Amino acid sequence: MSAATSLPPSLDDIVFHILDPLEAAERDVFLTRAEAWYPDLLDGLTTLYGTAAEEEALNLLALAARAYVEREHELCRLDLARTLDPAWAQHPGRIGYAAYTERFAGTLRGVEGRIDYLRELGVTYLHLMPLLTPRPGDSDGGYAVADYRTVRPDLGTMDDLEHLAGELRAEGISLVVDLVLNHVAAEHEWAVRARAGEQRYRDYFLIFPDRTEPDAYERTLPEVFPDFAPGNFTWDDGVGGWVWTTFNSFQWDLNWRNPHVMAEFAGIVLDLANRGVEVLRLDAIAFTIKRKGTDCQGQPEVHAITEVLRALTRIACPAVDLKAEAIVAPTELLQYLGQGKYTGKVSDLAYHNSLMVQIWSMLAARDTTLAVEALQNLPTEPSTATWITYLRCHDDIGWAIDDDDAAAVGLGGYDHRAFLADWYSGEYPTSDAAGLVFQHNPATGDRRIAGTAASLIGIEAAAEAWEGITDTTPEHEVESLWTWREERIHALRMAHAILYGWGGIPVLWSGDELAQPNDPNWDTEPGHEADSRWAGRPRLDEARMANRHDRSTVEGRVFTDLTHMARVRAGLPQLDAVVRSQVQDVDDPGVLVTYRDHPRGSFVGVYNVTPQWRSVAADQLARLGVMGATDVLTDTVPFGSTSLEGAGTGECPYRPTPPGGWCAPPTDGESARARRNLGARVPGMHHGDVTSRGLSISTQPPVVASPADSASPAAAGVSALAPETALISTALDSATPAALLAGAIDVEQAPRPLSVFDLMRIGIGPSSSHTVGPMRAGRAFSRELAEAVRPGGTGASDGECDSRAVGAGLPQPTRVTVELYGSLGATGRGHATDRAAVMGLAGYEPETVPAVVCESLMEEVEAAGELVVDGVGPVPFSPSADIHFLPGRVLPYHVNGMTLTAYCASGAEILRRTYYSVGGGFVMEDVGAPGSPSIQALATASATQAHATPAPFPFTTSAAMLAICEREGLSVSDVVLANELSARSREEVMAYLDRLRATMRACIEAGMNAEGILPGGLGVRRRAKALHERLRAQSTGPAAAFTMADPLRGMDWVDLFALAVNEENAAGRRVVTAPTNGAAGIVPAVLAYYERFIPGADDDGARRFLLAATAVGGLIKTNASIAGAEVGCQGEVGSASSMAAAGLAEALGGTPAQVENAAEIAMEHNLGLTCDPVGGLVQIPCIERNAVAAVKAINAARMALWGEGRHAVSLDTVIETMRQTGEDMLAKYKETSRGGLAVNVVEC
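Read in order, the letters of the sequence shown are residues 1 to 1244 in the UniProt record's numbering.
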């Protein structure tokens, strides 16, 4: 707005009589606005029309005066409110949604019925795609308008449009409508009258009698639709000339050098404004001005058109904002928000096309380098305007990669554009995208892509593969497909997090909030046959809408993620567009870091664009003012973000799931401590998140829903489950794999390191996640059910059978069901998950269940038709009818989900609980009320109390552990024992250590005395018994002296011990997870070596062995991973070998430095070990690999003991190296059975 000036005297005669019906104050309002904006109006008209500008200005002011007089009182009040808050569109509470009316709700009246749906998403800005009357047939998606004064008859009327605008406004939603400026349909009245020979209307268009001028223009003009509308001019017999048609032959470009065209559109703008439209999208505005020798896009006078329209609306209807639709080169974007003389005078909103393209580029390349270069090079947008950020729109995606930006980072612009087109059309070899090519220009190589966000990002392909899972699908394949699907869901969430965290108005395209795939029938509707963009414009799926709160579905995950993100965004003043997002220099090319410096505190976004772990320098977070910040989406503190040491390496690790997030300081008196106390980090799990002064963020909400529930924040604290069991609460994201280790929270945030009670557990094979965990879940359910059931109850009415009354006494259950989801449903039969759940319900524990029960209980229950539920009594139960395998459904927290439900006689639910078996035998439970899920770790009451007790010697690194040993004069086992004794009695600790030893010995003995074929179909024969018999035979008789003289004979026994344990595990027998089932043979074998072959070995030495092994295992799990699915077999067998080496060195009297050295050597020489089980079974190569690693552990301990503990590579360094190696390892080598031996060994 320019300085106010006097209006021309001639305005009196034209305007004053129009305003005469108004009160004096109302006239003054109009005249004051006119005085303020007249200079801009005149300036734009002068640029366009020269000396005719003043006359045209008076004509437009007369139109404005009439519109002002006719404007409804409610809209006038809105004008006043917007005048007082001119930046209303820039507030963080603004969330946009765009849709075709007929595909979203059928009609304009139908849209009114979906206002509540929009409000759920936090929508305050609704863009309905072209709804003004188009030409019949192909209308370029409605952008060939035949009448700007009417609505498409099938959608409603202008009155319906006005009514809808009022209903939306009452709910705080602004209506956005398209205004096509560059062209009209060939059937428009203006074109019809031009064909009739009326010169006035011929002058509305650009018509040439021959090809002379068109050919001169064509030399520098690109083709918008080269496939079906080549060239930019069309011969029309009716007008007898070549008509300029930039887009399609039926779309006639307008001559904006003609002031009559401006007057026509001024009237249209004012009419729509008085209908209640609050934002006008100025379609194709970049093409409106033509100049020979250029590409006729973005010419300077384009901005004069916007300047005129903006001044006009500010005078007559200042509640209206203008949005420029200009999909242009990155360097030209800012012109549409105002630069130079046009600052603050043109569009209020513009599409951030460059950000959109760079997000897709980062996702495909898994690299942020180009995006950082391109986004840093964009000029600063003016404070008077803001961006529309979007992942896609109704249109195709053109790869607007600037050649100079690409060259600056060592790329070729042409080649990278080709790569993106290949990737998102699915032509690139490793791409899972399902986009469609829209318009291929061989001359330029330009290939634009159309499709929904879910299809482009790979969710469609992953979901289709997941739906193909059957009961016979191998577990490793199920796990692989689940991981693929999870990666794609998190990639979509990360992309939306960037948009929502950028500032401006993020706009969702209809259906993307439900992860809808491409419309497979896009080409069957009349007029759509050749336009693949319709694939990305599917009708809103009613079935998906019904599932939108069910986080066991993909649509439920995506929808609730977005609703949560919108709620958080609305409360962050840092996302007000008054400040801009600044892209930080590349530290890790896999991570995008953005920063917003707001007066109320900084905001930092960290987005991991890869499926691997990445990191951000701790000092960078400190420089940006977010050290120790709390995640504003999950209210947790990111691991390593509280000091410059980071995770011990100066770096803060960020997981790929969740892949990123935001952060901002507390406001309005909210304390950061209150937020931090809501949760804690999982050991060995580094949440990907974003940070800021006072809090930080992650890209996954802290909530996980049961099958029919939506997301809400997890509760904090410890709540009683049953006398023996409690739940340790923490805020978690849906991607957390190994849960809280039953309450063992982050050693840096929590008062103690991991305990031997956490790391080494007794259970049964073949799988800790599919057997041990489900049994514990069944046991927990039976206990809670026993507490809830009223003694002596005999049945009740529906009213009495109310699960909300648990604890008040409920009737006797008459039915129990078990639902096994995802991987449990797909491979549960082969892993005895159903048997495990039944044994748990019957009251059995993994540590003590007799073998005969494992083998016969299911058959006995089936035959009897009832199950004696522990503490409850007999309940009618049929495993074949009441256990449901549901491999096609995955609950949101983890692929291994299960739900147990008890019913009374009337069929009403008594108790329903959902559990997640997250690996290592650890179980998480959803204890929230319906609609308010809360995921918490299942733990015994003693474990709960233990984890709440501060340890005297907490440590998170081996360096810290060694410093404690030196300072206190203690051994490694002394330090661990002191921590254990701070939470439990000596008798309890010693008894547990001895119980672990006894279980290991029993497992070895059982394995050495069993024979036969291992289950699973590979035909693997047990070898331990035969080897045992041979070794015993050679230890007696004439050959004994010779064989016992063999210096490596002890290693043969170690091989035997390891083989025996792992064969028992494969057979489903009892083992100690040390630290996993797959590596369960190494620690027992090396411990047996110590006890049987080392002179002077005693109980104290064996206990110290296990304590020192715990220290090392805890460090590995805390700072890297022990899961083959995350880091390959180096995390399982390598970790166990490292633990065993440390234990042996400790038992043999090694110094703390030698113990640390032994652990380092063993781990260092297992780096890169892949996890490639044949057939997905823990048999080949796992059994032999345990034996080899056990021998390696002994060698590592002996090497360390011959040294002094000084070495070049520390244990901390090798653990970090293992983590990074796992991050870089291809997924096919991480427990997927899609690489290595798994694909090169023929299963017989």
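Don't be surprised by glycine CBs; every beta carbon is placed ideally from N, CA and C.
Everything numeric in this text was worked out from a predicted model, so none of it was measured.
Between the C-alpha atoms of residue i and residue j, what's the straight-line distance to the nearest angstrom?
i	j	result
residue 1240	residue 847	37 Å
residue 12	residue 444	56 Å
residue 902	residue 546	26 Å
residue 78	residue 904	57 Å
residue 591	residue 613	10 Å
residue 530	residue 229	11 Å
residue 1157	residue 778	43 Å
residue 978	residue 621	35 Å
residue 473	residue 1219	30 Å
residue 356	residue 585	19 Å
residue 457	residue 361	11 Å
residue 447	residue 752	57 Å
residue 319	residue 82	5 Å
So for residue i, helix, strand or coil by DSSP?
i	result
residue 1014	coil
residue 508	strand
residue 1228	helix
residue 1178	coil
residue 258	coil
residue 861	helix
residue 124	coil
residue 1050	helix
residue 1032	helix
residue 898	strand
residue 19	helix
residue 441	strand
residue 428	coil
residue 1236	coil
residue 684	Low confidence applies here, because residue 684 scores a pLDDT of 23, under 50, leaving its location unreliable; read the following figure in that light. The answer is coil: DSSP assigns residue 684 none of H, G, I, E or B.
residue 1152	helix
Does the Cβ-Cβ distance between residue i and residue j come in under 9 Å?
i	j	result
residue 1210	residue 973	no
residue 334	residue 381	yes
residue 133	residue 147	yes
residue 271	residue 71	no
residue 1111	residue 976	yes
Along the chain, where does the alpha helix (DSSP H) containing residue i start, and where does it finish?
i	result
residue 447	No alpha helix (DSSP H) holds residue 447; the beta strand (DSSP E) holding it covers 446-450.
residue 29	24-49
residue 361	353-365
residue 202	199-202
How would you write the range of the beta strand (DSSP E) that residue i sits in, first residue to last?
i	result
residue 868	866-869
residue 885	883-886
residue 925	923-926
residue 819	815-821
residue 386	386-390
residue 251	251-253
residue 235	233-236
residue 909	909-917
Ordered along the chain, which non-local residues of its own chain (more than five positions away) have a Cβ less than 7 Å from that of residue i?
i	result
residue 292	216, 217
residue 258	203, 204
residue 307	40, 43, 44, 342, 345, 346
residue 34	7, 61, 315
residue 275	158, 161, 162, 165
Does the Cβ of residue i lie closer than 8 Å to at least one heavy atom of the ligand MG?
i	result
residue 501	In the structure on display, the ligand MG does not appear, and there are no ligands present to speak of.
Please list, in chain order, all residues of the same chain as residue i whose beta carbon is under 8 Å from its beta carbon, the five residues on each side excluded.
i	result
residue 1047	none
In its own chain, which residues sit with a C-beta less than 6 Å from the C-beta of residue i, not counting the 5 before and 5 after it?
i	result
residue 459	488, 515
residue 180	143, 145, 283
residue 299	289, 291
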